[in-house]
Each structure stands twice: as C-alpha cells, then as structure tokens.
Amino acid sequence: MRDNEETLKSANYQPKFMEWGIINKNNFTSVREVPIKRWDPLSTVVIKTGEFGLRKKHLRYYGHYSYLSPIRGRRPKGFKTSEKKKDFYDYSKKSINNVKDVFKAVTDGKALHDNNGRLIGDGYTIIITEDEKRRDDPFLDQPHGIEKIPDSCKAITLINRYPSMARIIEPSIKTSIENKLPPNSKLSIGINLVSLSRHFYFSSNFDLIPEDAISGIFISMKSAILYSIQEAIDRDYYDIPVNVFFNIGVKVGGSQPRIHGQCYIDLNGDGHGSRLEGYLRAFKEMGDNCHLCETTHGNCDRIVLDTKFWTFFLTGSPVRNYHLRFNPKEHIRRFVQLKSNQIQDLAKSLKKIFKALDNLKIDNNRNILFNCCPYGYDADFHMFADIIPHEIIGGAEMADDMRVARKLPEDAAKEIREAISS
Ligand SMILES: [Zn+2]
1 MRDNEETLKS ANYQPKFMEW GIINKNNFTS VREVPIKRWD PLSTVVIKTG EFGLRKKHLR
61 YYGHYSYLSP IRGRRPKGFK TSEKKKDFYD YSKKSINNVK DVFKAVTDGK ALHDNNGRLI
121 GDGYTIIITE DEKRRDDPFL DQPHGIEKIP DSCKAITLIN RYPSMARIIE PSIKTSIENK
181 LPPNSKLSIG INLVSLSRHF YFSSNFDLIP EDAISGIFIS MKSAILYSIQ EAIDRDYYDI
241 PVNVFFNIGV KVGGSQPRIH GQCYIDLNGD GHGSRLEGYL RAFKEMGDNC HLCETTHGNC
301 DRIVLDTKFW TFFLTGSPVR NYHLRFNPKE HIRRFVQLKS NQIQDLAKSL KKIFKALDNL
361 KIDNNRNILF NCCPYGYDAD FHMFADIIPH EIIGGAEMAD DMRVARKLPE DAAKEIREAI
421 SS
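Using my numbering, the first residue of the sequence shown is number 1, and each one after it goes up by one.
(1) Taking just the CA atoms, how far does Ile332 sit from Phe283?
(2) Beta-carbon separation of Ile416 and Arg320 under 7 Å?
(3) In this structure, does DSSP put Leu314 in helix, strand or coil?
(4) Quick check: what's the CA-CA separation for Asp386 versus Tyr264?
(5) Under a Cβ-count criterion, where at least 16 other Cβ atoms within 10 Å of its own Cβ denotes burial, should Phe88 be classed as buried or exposed?
(6) Based on the DSSP output, what are the partners of Thr125 in its beta bridges?
(7) Which parts of the region 177-219 are runs of the beta strand (DSSP E), unbroken and 3 residues or longer, counting only runs that do not cross its ends?
(8) What are the uninterrupted segments assigned as alpha helix (DSSP H) that are 4 or more residues long and contained completely in the region 359-407, given in chain order?
(9) Ala396 and Glu211 - do their beta-carbons sit closer together than 7 Å?
(10) Go ahead and label Leu267 buried or exposed: buried means 16 or more other beta carbons lie within 10 angstroms of its beta carbon, across all protein chains shown.
(11) Go through its chain and collect everything with a Cβ distance to Cys153's Cβ below 7 Å, but skip five positions before and after it.
(12) Based on the DSSP secondary-structure assignment, which residues constitute the bridge partners of Phe245?
(13) Provide the residue span of the beta strand (DSSP E) that contains Ile303, from first to last.
(14) At a cut-off of 6 Å, is His382 close to ligand 1 when judged by its beta-carbon and the heavy atoms of the ligand?
(15) From Lys351 to Pro182, what distance separates their C-alpha atoms?
(16) How long is the line joining the alpha carbons of Thr7 and Pro15, rounded to whole angstroms?
(17) Inspect the beta-carbon positions of Ile127 and Arg134 and report whether they are closer than 7 Å.
(18) Hey, would you say the C-beta of His272 is under 6 Å away from at least one heavy atom of ligand 1?
(19) Taking all protein chains shown into account, decide if Val244 is buried (16 or more other Cβ within 10 angstroms of its Cβ) or exposed.
(20) Alpha carbon to alpha carbon, what distance is there between Asp141 and Arg167?
(21) Spell out the partners DSSP gives Val102 in its beta bridges.
(22) Closer than 6 Å: is that where the CB of Leu292 sits relative to any heavy atom of ligand 1?
(23) Have a look at Met286, Asp345, Asp236 and flag the residue whose alpha-carbon is nearest the alpha-carbon of Thr307.
(24) Any heavy atom of ligand 3 closer than 6 Å to the Cβ of His144?
(25) At the level of alpha carbons, what is the spacing between Arg235 and Met221?
(26) Below 6 Å, is the gap between the Cβ of His331 and the nearest heavy atom of ligand 1?
(27) Between Tyr237, Gln256, Lys110, which lies nearest to Phe246 when the distance is taken from Cα to Cα?
(28) Between which residues of its own chain and Ile159 is the CB-CB distance below 6 Å, once the five residues before and five after are set aside?
(29) What would DSSP say about Asn341, mapped onto helix, strand or coil?
(30) Short of 8 Å in beta carbon distance, which residues of its chain neighbour Gly269, apart from the five on each side in sequence? Order them along the chain.
(31) Per DSSP, what kind of secondary structure is Glu330 in: helix, strand or coil?
(32) Using the beta-carbon count (16 or more within 10 Å), is Thr175 buried or exposed?
(33) Three or more C-beta pairs closer than 8 Å, one from the region 200-218 and one from the region 352-367: is that the case here?
(34) Taking Glu33 as the reference, which of Lys180, Ala155, His260 has the closest Cα?
(35) Have a look at the DSSP bridge pairing and note the partners of Arg281.
(36) Is Ala166 helix, strand or coil by DSSP?
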C-alpha cells in the first residue's frame with residue numbers, strides 16, 4: 001500500500017462536488033447538482049414476478065430510465081472544439097504532443113500542463129487495479145497522491161473522476177438530499193470505472209495498439225469489476241447490472257484520445273432497462289437451446305471471423321449498417337468470467353476486425369458494448385458484445401426499438417471477410 005509520504009499528500013486534496021462520485025459535507029453544493037436516476041413512467045413497469053433478481057421485496061422496474069448528472073457536462077475533453085468537427089481519423093494522425101491526455105498525469109505520476117502553462121491533469125486518482133493487482137478500495141472516499149505507474153504495467157483501472165453516478169455520500173447529508181429530490185427521482189448510486197493502457201495509444205488507431213495493451217485493459221477491467229462487486233455485496237448492494245463499453249471516437253462519446261474502456265456498475269438495485277429485459281426474456285425462452293450456442297448465423301454467410309474462442313458475425317437485424325456482434329464460444333454469462341486465453345484471442349481478433357472496417361472506410365467512431373447478466377440474477381445468459389459504427393439516425397428510429405439499415409448484413413459480412421483475408 002501507500003507509504004506515509006503519499007498518505008500525507010492524499011490528505012491535501014479535497015474532492016470537488018461529485019469528483020470520483022464523492023459527495024460530502026464540504027463539497028455539497030445544491031440538490032439540483034445531485035446525480036439522479038429517473039424512470040420514464042410511460043415506458044416502465046414494475047417487475048412483479050420473482051424472476052431475474054434475488055431480493056423480491058424490493059421494488060424493481062424494467063423500462064426506460066435516464067441518469068441525469070449535471071456535473072458531467074463540465075468534465076475535461078481531450079479535443080478542442082475546432083478539431084471535433086474534423087474526422088477523428090485525421091485527428092489521430094497528429095502527434096501525441098498535440099493532444100490533451102488527462103490520463104498522462106495519472107500514469108506518469110506528475111501534474112501535467114499544456115504549452116500555455118494551464119493545468120491539464122493534477123494526477124490525483126483512485127486506482128482500483130494495476131493490471132490484475134488490487135489497489136485502492138472501490139469505496140475509498142479520498143483520492144490519493146500521485147505516483148508513477150511502473151512502465152511494465154499494461155493497464156490500470158481507475159474510478160472515473162467525472163462519473164454519472166454518486167459512489168460515496170456522507171451519511172449525515174444523504175437523508176436530507178433524498179428528501180429534497182423531485183418526485184420520482186432517486187439519488188443515483190453506482191461505480192463508474194475507466195480502464196486505460198499504461199502507455200499512450202490512440203483509440204482511433206485501434207489496429208496499431210499492441211495486442212497486450214488491449215488484453216491488458218480487459219484483464220485490469222475484469223479484476224476491478226470483481227473487486228468492486230465483492231465490496232458492493234459486502235455493503236449490502238444487490239441485483240447489480242454491469243455494463244462494459246468502449247467509446248472509440250468523439251462522435252460516440254470518446255472524450256479522451258487514449259484507448260480506454262469503461263464500466264457502469266449500477267448500485268440502485270431497482271431493475272434494468274428494456275433492452276436487457278428483452279435479452280433476459282429471450283434467453284429464458286430458449287431454455288437449454290441457447291441460440292448463440294446453436295445458431296449457424298444464416299448458414300455461415302454472416303460470419304466474418306471464427307476463431308478457437310470467438311465467433312464474429314453481422315447481426316441479422318442490425319442497429320446500424322455494419323453492426324457486428326460477437327460471442328465467446330463458451331456459454332458464459334459475464335465479462336468477468338472470460339479467461340486469459342479468451343481475452344488474448346479477443347484482443348487479436350478485434351484488431352483484425354477494426355483493420356478490416358478501416359480498410360472498408362467504415363466510420364471509425366465506434367462503440368463496443370458487452371451485454372452481460374446482472375449480478376444477483378438467476379438467469380441463463382450467453383454473454384455477447386456489439387461493435388456499432390457511428391451513423392446518424394432518424395426520427396422513426398427514435399420512436400421505437402427499430403432501425404432502418406440499407407446494407408444487407410450478408411453483403412456486409414462478405415465485404416468484411418474479404419477485407420480480413422486481403
Ligand atoms: Zn450459449
């Protein structure tokens with residue numbers, strides 16, 4: 001753990017309101033700034049049955065919800081506004097000296113300034129895992145002083161400094177906050193993690209990132225999720241949805257140029273969204289005949305890459321053109337169950353897929369989303385993930401869980417297969 005000198009430094013930084021999800025007497029400003037979770041009354045129903053959750057007495061829902069967190073709008077961006085307008089691809093060709101990488105202060109263990117002497121990052125942080133190794137408690141209420149992360153480390157997982165959920169609320173003010181919240185709003189509790197490579201790699205040049213840097217991010221993330229869930233359960237949180245995702249590119253929410261993944265651990269214990277409900281119901285209906293274990297994906301003409309551990313394919317009903325889906329061949333429910341050989345193979349395969357998509361000039365702003373079974377849910381589930389390239393969507397598509405795609409997935413699969421083999 002930290003030596004005395006570092007403990008001393010840590011005492012010097014008072015987190016501002018909601019930094020690292022910390023709300024205390026000293027930084028509390030206004031109830032209007034508090035992160036809330038709100039369910040849409042027109043698309044939310046109470047979960048009445050005993051399925052998909054442990055604690056039946058607790059009121060839980062599924063449907064549409066929003067996390068509202070005013071403070072999120074003020075987090076630092078790694079790109080200047082004028083540059084945002086340009087294609088992310090062009091931007092990525094710039095030198096690292098031209099980017100504002102707030103993570104560098106954390107990995108190098110020193111405050112970072114731009115050319116004009118303005119502070120980019122002070123380096124204060126909460127580190128949950130360094131590679132697989134557990135570090136700070138996921139419920140630590142104080143960031144600590146800066147230190148250099150060893151060069152040999154592949155990736156670290158931090159508490160997101162600008163999260164969309166509160167992680168620690170000083171008990172003496174919690175009740176008074178809750179009493180002042182508008183009706184149908186609840187104080188949103190959760191852990192937001194961010195996993196990043198120890199060394200700098202542009203997320204947009206995905207195929208140039210070393211394989212072990214990508215797998216390192218997955219490994220560090222996995223270990224941090226396990227640690228966080230364990231500590232959360234010890235604190236009597238239960239029925240916990242966990243979302244692992246990558247925002248690659250400014251158009252899909254990637255505000256930092258360094259490759260990083262994120263994880264939302266929702267500790268509100270009040271249910272899950274309608275899309276997850278759909279997955280849970282579908283897997284329940286499949287019973288022992290899991291679709292992902294049995295399908296040939298349209299007689300294989302939608303498969304683009306088939307490895308020892310993973311299948312990558314074009315979805316039959318895409319959310320966007322070139323919407324790829326992939327799943328481990330092993331029927332596992334969660335991201336954290338991935339073993340190291342599966343993770344290594346995933347990193348290698350993702351590089352191939354991304355390079356093929358780049359060669360086909362598919363928009364290189366892309367999300368990767370991992371769909372997993374929440375903790376505490378006694379549901380059958382085969383973990384799967386989506387790669388969704390950015391595209392502008394229209395009104396009809398906002399009106400329902402529907403998309404109009406112009407590209408036949410079978411044709412898109414053929415293009416990607418050819419791009420991979422060339
Ligand atoms: Zn399966």
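Ideal placement from N, C-alpha and C gives every residue a C-beta, glycine not left out.
Let me spell this out:
(1) Along the sequence shown, one-based indexing puts residue 283 at 283. Along the sequence shown, one-based indexing puts residue 332 at 332. Per the coordinates, the alpha-carbon of Phe283 lies some 12 Å from the alpha-carbon of Ile332.
(2) Within the sequence shown, residue 416 is the residue found at index 416, counting from 1. Within the sequence shown, residue 320 is the residue found at index 320, counting from 1. Not a contact, by the Cβ cut-off of 7 Å.
(3) Along the sequence shown, read from residue 1 onward, the residue named residue 314 stands at position 314. In the structure shown, the three-state DSSP call for Leu314 is strand.
(4) The residue given as residue 386 occupies position 386 in the sequence shown. The residue given as residue 264 occupies position 264 in the sequence shown. About 16 Å.
(5) Counting from 1 along the sequence shown, the entry for residue 88 is found at position 88. Because the pLDDT at Phe88 is just 40, under 50, the model does not fix this residue reliably, and the point stays unresolved.
(6) As a position in the sequence shown, residue 125 is number 125, starting the count at 1. Partner(s): His144.
(7) Segments of the beta strand (DSSP E) lying fully in the region 177-219: 185-187, 190-197.
(8) Correct list: 395-399.
(9) In the sequence shown, residue 211 corresponds to position 211, counting from 1. In the sequence shown, residue 396 corresponds to position 396, counting from 1. Glu211 places its beta carbon 7 Å or farther from that of Ala396.
(10) Residue 267 sits at position 267 when you count from the first residue of the sequence shown. It is buried - the Cβ of Leu267 has at least 16 other Cβ atoms within 10 Å.
(11) Counted from its first residue, the sequence shown places residue 153 at position 153. Cβ neighbours of Cys153 beyond the five flanking positions: Glu130, Asp131, Arg198.
(12) Your numbering for residue 245 matches position 245 in the sequence shown. In the DSSP secondary-structure assignment, Phe245 is bridged to Gln262, Leu369.
(13) If you number the sequence shown from 1, residue 303 lands on position 303. Boundaries of the beta strand (DSSP E) harbouring Ile303: 303-306, taken from the DSSP string.
(14) Here residue 382 corresponds to residue number 382 of the sequence shown, with the count starting at 1. Short note on His382: C-beta closer than 6 Å to some heavy atom of ligand 1.
(15) Position 351 of the sequence shown holds residue 351. Position 182 of the sequence shown holds residue 182. Pro182 has its alpha-carbon roughly 46 Å from the corresponding atom of Lys351.
(16) By 1-based counting over the sequence shown, the position of residue 7 is 7. By 1-based counting over the sequence shown, the position of residue 15 is 15. With a pLDDT of only 44 at Thr7, under the threshold of 50, the placement of this residue in the model should not be trusted; the figure read from the coordinates follows. If you take the alpha carbons of Thr7 and Pro15, they lie about 15 Å apart.
(17) Position 127 of the sequence shown holds residue 127. Position 134 of the sequence shown holds residue 134. Ile127 is not a Cβ neighbour of Arg134, given a cutoff of 7 Å.
(18) Within the sequence shown, the letter at position 272 stands for residue 272. The answer is no for His272.
(19) Translated into the one-based positions of the sequence shown, residue 244 becomes position 244. Under this definition Val244 is a buried residue.
(20) For the purposes of this step, residue 167 is identified with residue 167 of the sequence shown, where counting begins at 1. For the purposes of this step, residue 141 is identified with residue 141 of the sequence shown, where counting begins at 1. Near 9 Å, if we compare the C-alpha coordinates of Asp141 and Arg167.
(21) Within the sequence shown, the letter at position 102 stands for residue 102. As DSSP reads the structure, Val102 sits in no beta bridge.
(22) Position 292 of the sequence shown, counted from the first residue, corresponds to residue 292. Closer than 6 Å to some heavy atom of ligand 1: that describes the Cβ of Leu292.
(23) Stepping through the sequence shown from its first residue, residue 307 is reached at position 307. Comparing Cα positions, the closest option is Asp345.
(24) Ligand 3 is not part of this structure, which contains only ligand 1.
(25) Counted from its first residue, the sequence shown places residue 235 at position 235. Counted from its first residue, the sequence shown places residue 221 at position 221. One Cα belongs to Arg235, the other to Met221, and the distance between them is close to 21 Å.
(26) Residue numbering aside, residue 331 sits at position 331 when the sequence shown is read from its first letter. The answer is yes for His331.
(27) The residue labelled residue 246 in the question sits at position 246 within the sequence shown. Closest by alpha carbon: Gln256.
(28) For the purposes of this step, residue 159 is identified with residue 159 of the sequence shown, where counting begins at 1. Counting only Cβ-Cβ distances below 6 Å, and skipping sequence neighbours, we find Trp20, Ile126.
(29) The residue you call residue 341 lines up with position 341 of the sequence shown. Per DSSP, reduced to three states, the secondary structure at Asn341 is helical.
(30) As a working note, residue 269 is residue 269 in the sequence shown. Within the same chain, Gly269 has close Cβ partners Arg55, His58, Arg60, Tyr237, Tyr238, Asp239, Ile240.
(31) Counting from 1 along the sequence shown, the entry for residue 330 is found at position 330. Here Glu330 carries a coil assignment [DSSP, helix/strand/coil].
(32) Taking the first residue of the sequence shown as position 1, residue 175 is located at position 175. Thr175 comes out exposed.
(33) Between the region 200-218 and the region 352-367, the count of C-beta pairs closer than 8 Å reaches three or more; the two stretches touch.
(34) Translated into the one-based positions of the sequence shown, residue 33 becomes position 33. Considering only alpha carbons, the answer is Lys180.
(35) Position 281 of the sequence shown holds residue 281. Residue pairing for Arg281: DSSP places it in no beta bridge.
(36) Against the sequence shown, residue 166 aligns to sequence position 166. Of the three classes helix, strand and coil, the one that applies to Ala166 here is strand, per DSSP.
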